[in-house]
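Under my numbering, the first residue of the sequence shown is numbered 1, with each subsequent residue one higher.
Even for Gly, the Cβ is constructed at its ideal location relative to N, Cα and C.
For reference, the structure discussed in these notes is given below.
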Amino acid sequence: VQHRMADMAIDTHGARWATYHAMWRLSEGLPAEKEVSLAKAFTDIACQRVALGAQQLHAGIGFDRDYDLQFYYRRQKAFDLRLGTTEYNLKALEAQLGL
1 VQHRMADMAI DTHGARWATY HAMWRLSEGL PAEKEVSLAK AFTDIACQRV
51 ALGAQQLHAG IGFDRDYDLQ FYYRRQKAFD LRLGTTEYNL KALEAQLGL
């Protein structure tokens with residue numbers, strides 16, 4: 001359980017810092033296409049892992065409609081479609097890196 005929770009914390013902090021870096025570049029007027037694509041793709045993947053991990057750690061109660069966790073899992077699914085899917089952003093990042 002501790003390893004799963006540590007992985008979830010790493011995903012959360014990594015997504016936060018990738019997003020902060022992309023926002024900083026945008027606020028400074030610097031080119032940020034790569035950073036935005038990376039932040040969105042990483043955040044999507046991290047959010048999926050954290051939401052699924054939280055549901056698994058909470059066992060059956062995580063899927064209960066009376067418990068708020070199911071709301072966050074459904075919100076994550078909707079978030080995945082905003083600003084392009086994970087695959088779209090990974091392909092955009094790949095093109096920007098010239099791979």
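Start-to-end residues for the alpha helix (DSSP H) that takes in residue 44: Along the sequence shown, read from residue 1 onward, the residue named residue 44 stands at position 44. Element bounds for residue 44: 33-58.
Contact under 8 Å by Cβ, residue 35 with residue 21: The count along the sequence shown starts at 1 and reaches residue 35 at position 35. The count along the sequence shown starts at 1 and reaches residue 21 at position 21. The answer is yes: Cβ separation under 8 Å.
Alpha-carbon spacing of residue 66 relative to residue 46, whole angstroms: Taking the first residue of the sequence shown as 1, we reach residue 66 at position 66. Taking the first residue of the sequence shown as 1, we reach residue 46 at position 46. Straight-line Cα distance between these residues: approximately 25 Å.
Contacting residues, own chain, Cβ-Cβ under 6 Å from residue 92 (five flanking each side not counted): On the sequence shown, residue 92 is found 92 positions in, with the first residue counted as 1. Taken in chain order, the residues that qualify are 37.
Coil, strand or helix - residue 93 by DSSP: Sequence index remark: in the sequence shown, residue 93 carries index 93 (1-based). Note: residue 93 maps to helix in three-state DSSP.
Delimiting residues of the alpha helix (DSSP H) encompassing residue 10: For the purposes of this step, residue 10 is taken as residue 10 along the sequence shown, with counting starting at 1. From DSSP, the alpha helix (DSSP H) with residue 10 extends over 2-27.
Residue 22 Cβ short of 7 Å to the ligand ZN heavy atom set: The ligand ZN is not part of the structure shown, which contains no ligands of any sort.
Cut-off 8 Å between Cβ atoms - residues of its own chain near residue 17, not counting five sequence neighbours on either side: As a first step, residue 17 must be located in the sequence shown, where it is residue number 17. Cβ neighbours of residue 17 beyond the five flanking positions: none.
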